[in-house]
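Numbering (the numbering used here), first residue to last: -1 to 107. What follows is one structure encoded as structure tokens, with my remarks underneath.
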Amino acid sequence: MRKRVIISVAVVLVLALGYEIAFRCVAANCGEVNMKAHPPRVYFSDDLLSSVPWRGSLFGFRTQLPFGKVRLCPKLYVSGGRFYGRLPDGGWQDLTDTMVEYQKAKNEK
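So, in structure tokens, the structure goes:
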């Protein structure tokens, strides 16, 4: 019985690790920011060309979870539904509020 529990836990951990690796690869390759959504959110550009948007269905909720910053493009990261820019000194700048202000200014025109 104990052996089954250990194997089950190991399988769950391997699946979770595989999911996280797949998410980070997909987000880095085709993750983009939808600036027309309020608030801005991540979409996967390859889903636009696919008849079944499986990337958004499989990984969409993960962008809302604060499990560390995930790269969308070389200078833009997402964590917990917030967008961050990488500063030259290695720090982080929260860009979500800037994006919302940009949306408001654009809508007022």
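We put the CB at the ideal spot given by N, CA and C, even for glycine. Since the model is a prediction, treat every value here as computed from it, not as a measurement.
1. Taking CB distances under 7 Å as the criterion, tell me whether P38 reaches chain D.
2. Taking the alpha-carbon of D95 as reference, which of R39, Y17, E18 and F21 has the nearest alpha-carbon?
3. In angstroms, rounded to a whole number, what distance separates the CA positions of F21 and F57?
4. Can you tell me which of the three DSSP states L93 falls into?
5. Can you tell me whether R0 is buried or exposed, with buried defined as 16 or more other CB within 10 angstroms of its CB?
6. Indicate the three-state DSSP secondary structure (helix, strand or coil) for F57 in the structure shown.
7. Leaving out five residues on either side along the sequence, give the residues of the same chain with a beta carbon under 7 Å from the beta carbon of V24.
8. Once DSSP output is grouped into helix, strand and coil, what is the label at L11?
9. Need the endpoints of the beta strand (DSSP E) that L74 sits in, please.
Once the coordinates are examined:
1. Protein chain content of the structure displayed is limited to a single chain, and chain D is not contained in it.
2. R39
3. 6 Å
4. coil
5. By the 16-neighbour rule on beta-carbons within 10 angstroms, R0 is exposed.
6. helix
7. F42, R53 and F57
8. helix
9. That run of the beta strand (DSSP E) goes L74 to S77.
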